[in-house]
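*Asks:* Under the working numbering, the first residue of the sequence shown is numbered 1026, with each subsequent residue one higher.
Built from N, CA and C at the ideal position, the CB exists for glycine as well.
Below is one structure. I have some questions about it.
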Amino acid sequence: MTDHGFDIRTRTWPLDRVHGLRPLGDALHLGRTAGPVGNSVAWLDTETTGLAGGTGTYVFLIGIASTGEDCVSLTQYFLRDLGAEPEMLEAVGDHLRRFDALVTFNGTRFDLPLLQTRFLLCRMRADIASESHLDLMSVARRLWHRRLGGYSMALLEQMILKVERCIDVPGWVIPSLYVQFLHTGDFDVLEPVFAHNEQDILSLVALHGLAGELLAHPDRTPVVVDWFGLGRLLDVRGQVDAAAGCYELALEDEHEPPARRRAATALARHYRRTGQPERLLDLWDREAQAGILPRWQALERLAMVWEWELRDPQRALTHTEHALAALNGDGDPCRARLLHRRERLQRRVRVLTRSLRGPEGAEAILRREARRAVAISSSEDIPSLRSR
């Protein structure tokens, strides 16, 4: 307790302390893989007098965790007297400025804007939002939303971290408990709130370490994960080969056509970027045979590979004509696009033919190029759309 109308509580745990199924020290060793970039990281969570935010909402409890050489420490700043808000915010600002990176859960939308508002209302410099900030909610949404049907901290604790909160105060009750304290001065009513904030911080630290492990070692994930979401996170970080492996796993794991198409499109983009046309052919051929893509669309994508990746306009034209034949009805809106592609390919084939020494030479070269392309991508065991 201080003489300035706010209290400071501190606690420490060893790095090998397990929260749920995760050692807290993983955040120190693996967390940087998930971000943010910085030599010193703080984890932050707040408790407020309302969940809607705005100028009438006070931040009465601020938890800040950090790691030392052998421990995780938590400092909780508690606003005992509303009139002491400037003094508490000054102490919090000094504390946060010791770190060059910050991790929150929904801090982008809630914690940081609300803290900045309180600083401004107190006519103080609001520079607590670190330039290197990771909002773990965005990472959790990628990794688990489709698998779990949500990504709230409570759900992640239950399904991913395996944390059991035996006795916990619901978040919506916390503001009324603080109001009760202001009227009675009874600290006992707030003990569950301090415990709630502590558990939120520990879960944040543990989740950060887990996210880092998933990104560092995507080939050995310890928990259920959305492979496509993990692939997207790896892609953004430039780990393109690891991302492609996740997209492949997503194709194996997904059964719903929209999800498979999304993974196939991402994988196709990787194959184009890395110059693997034979894998592009295999991919679209496989998806067509699985019935994930309509036949005409699979043929169109195969035509695109033949035209732009394998430079064989004659084979591309053949696939385009097959795609037109597979369309249902003359009024199909995709027909105009395919007709335009066919006309362009026909012009290319005519130009190629005229540029050669004669019709016979042109046909021989086209046949040779087609045989070379088919040799790259054909499979003797599986009937393929690409060779039709």
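Leaving out five residues before and five after LEU1053 in sequence, what residues of the same chain have Cβ atoms less than 6 angstroms from its Cβ?
*Replies:* Excluding positions up to five away in sequence, the list reads THR1092.
*Asks:* From VAL1249 to GLU1277, what does the alpha carbon distance come to, in whole angstroms?
*Replies:* 14 angstroms
*Asks:* Any chance the stretch 1253-1269 sits against the stretch 1180-1193, with 3 or more Cβ pairs inside 8 angstroms?
*Replies:* no
*Asks:* Can you name, in chain order, every residue of its own chain whose Cβ lies under 6 angstroms from the Cβ of THR1035, other than the five neighbours on each side?
*Replies:* THR1100
*Asks:* Which same chain residues, not among the five before or five after GLY1117, have their C-beta less than 6 angstroms away from its C-beta?
*Replies:* First, the amino acid is wrong: residue 1117 is Val here, not Gly. Excluding residues within five positions, the ones whose Cβ falls inside 6 angstroms are ILE1087, TYR1102.
*Asks:* Just confirm the distance between the C-beta atoms of ILE1226 and TRP1038, as a whole number of angstroms; I'd bet it's less than 8 angstroms.
*Replies:* The pair is not a contact, with the Cβ atoms about 11 angstroms apart (cut-off 8 angstroms).
*Asks:* Near PHE1206, what residues of its chain come up, given a Cβ to Cβ distance below 8 angstroms and the 5 sequence neighbours on each side ignored?
*Replies:* PHE1212, VAL1214, LEU1215
*Asks:* From HIS1365, SER1228, THR1290, pick the residue whose C-alpha is nearest to that of GLY1045; which is it?
*Replies:* SER1228
*Asks:* Does DSSP put THR1100 in a helix, in a strand, or in coil?
*Replies:* Assignment of THR1100 by DSSP, reduced to helix, strand and coil, places it in the strand class.
*Asks:* Got a sec? Which residues, its chain only, sit under 6 angstroms from ARG1172 by beta carbon, not counting five neighbours each side?
*Replies:* Spatial neighbours of ARG1172 in its own chain (CB-CB distance under 6 angstroms, excluding positions within 5 residues in sequence) are listed in chain order as VAL1249, ASP1251.
*Asks:* Shortest alpha-carbon distance to HIS1221 belongs to which of GLU1273, ASP1032, LEU1202, VAL1043?
*Replies:* LEU1202
*Asks:* Between the C-alpha atoms of LEU1305 and PHE1253, what's the straight-line distance to the nearest angstrom?
*Replies:* 18 angstroms
*Asks:* What would DSSP say about HIS1054, mapped onto helix, strand or coil?
*Replies:* helix
*Asks:* Considering only the alpha carbon of each residue, which of GLU1303, GLY1050, ILE1089 lies closest to PHE1219?
*Replies:* ILE1089
*Asks:* To which residues does DSSP link PHE1031 through a beta bridge?
*Replies:* LEU1104
*Asks:* In the structure shown, what three-state DSSP assignment does PRO1283 receive?
*Replies:* helix
*Asks:* Can you name the residues that DSSP bridges to PRO971?
*Replies:* Residue 971 lies beyond the stretch modelled for the chain, which goes from 1026 to 1413, so this question has no answer here.
*Asks:* Determine, using beta carbons only, whether GLY1275 and ALA1288 come nearer to each other than 9 angstroms.
*Replies:* This sequence places Ala at residue 1275; Gly is not what is there. Cβ atoms of ALA1275 and ALA1288: closer than 9 angstroms.
*Asks:* LEU1240 to ARG1297, Cα distance in whole Å?
*Replies:* Distance between the alpha carbons of LEU1240 and ARG1297 is about 23 angstroms.
*Asks:* Between THR1074 and PHE1144, what straight-line distance do the alpha-carbon atoms span, to the nearest angstrom?
*Replies:* Spanning the alpha carbons of THR1074 and PHE1144 requires a straight line of approximately 16 angstroms.
*Asks:* What residue does the alpha helix (DSSP H) around LEU1069 start on, and which one ends it?
*Replies:* It is not in any alpha helix (DSSP H) - LEU1069 instead sits in the beta strand (DSSP E) that spans 1066-1073.
*Asks:* Report the partner residues of GLY1088 according to the DSSP bridge assignment.
*Replies:* ASP1070, GLN1101
*Asks:* Give the secondary structure of ALA1361 by DSSP, where H, G and I count as helix, E and B as strand, and everything else as coil.
*Replies:* helix
*Asks:* Could you tell me the alpha carbon to alpha carbon distance between ILE1317 and ARG1057, rounded to whole angstroms?
*Replies:* 38 angstroms
*Asks:* Give the range of the alpha helix (DSSP H) segment to which ASP1266 is assigned.
*Replies:* 1265-1278
*Asks:* Using a beta-carbon distance below 9 angstroms, is PRO1358 in contact with chain B?
*Replies:* Protein chains in the displayed structure number just one, and chain B is not present.
*Asks:* I'd like to know whether the C-beta atoms of ILE1153 and LEU1137 end up nearer to each other than 9 angstroms.
*Replies:* yes
*Asks:* Classify CYS1271 as buried or exposed, calling it buried when 16 or more other Cβ atoms lie within 10 Å of its own Cβ.
*Replies:* buried
*Asks:* One question on the structure: do GLU1346 and PRO1338 come within less than 9 angstroms of each other, judged by their Cβ atoms?
*Replies:* no
*Asks:* Applying the criterion that 16 or more other CB atoms from any shown protein chain within 10 Å of the CB defines a buried residue, is GLU1312 buried or exposed?
*Replies:* With 16 or more Cβ atoms within 10 Å of its Cβ, GLU1312 is classed as buried.
*Asks:* Rounded to the nearest angstrom, how far is the Cβ of LEU1324 from that of HIS1344, given a contact under 8 angstroms?
*Replies:* Contact holds; Cβ gap of about 5 angstroms.
*Asks:* Determine whether the beta carbon atoms of GLY1175 and ALA1059 lie at a separation below 9 angstroms.
*Replies:* no
*Asks:* Is it the case that the Cβ atoms of PHE1130 and ASP1070 are separated by a distance below 9 angstroms?
*Replies:* Yes, they are a contact pair.
*Asks:* Figure out for me which residue from ALA1350, LEU1308, LEU1232, ARG1122 has the closest Cα to the Cα of TRP1321.
*Replies:* ALA1350
*Asks:* When you compare the CB positions of HIS1029 and GLU1112, do they come within less than 9 angstroms of one another, or not?
*Replies:* yes
*Asks:* Leaving out five residues on either side along the sequence, give the residues of the same chain with a beta carbon under 6 angstroms from the beta carbon of PRO1048.
*Replies:* By the criterion of a C-beta distance shorter than 6 angstroms, PRO1048 is surrounded in its chain by ASP1041, once the five residues flanking it on both sides are discounted.
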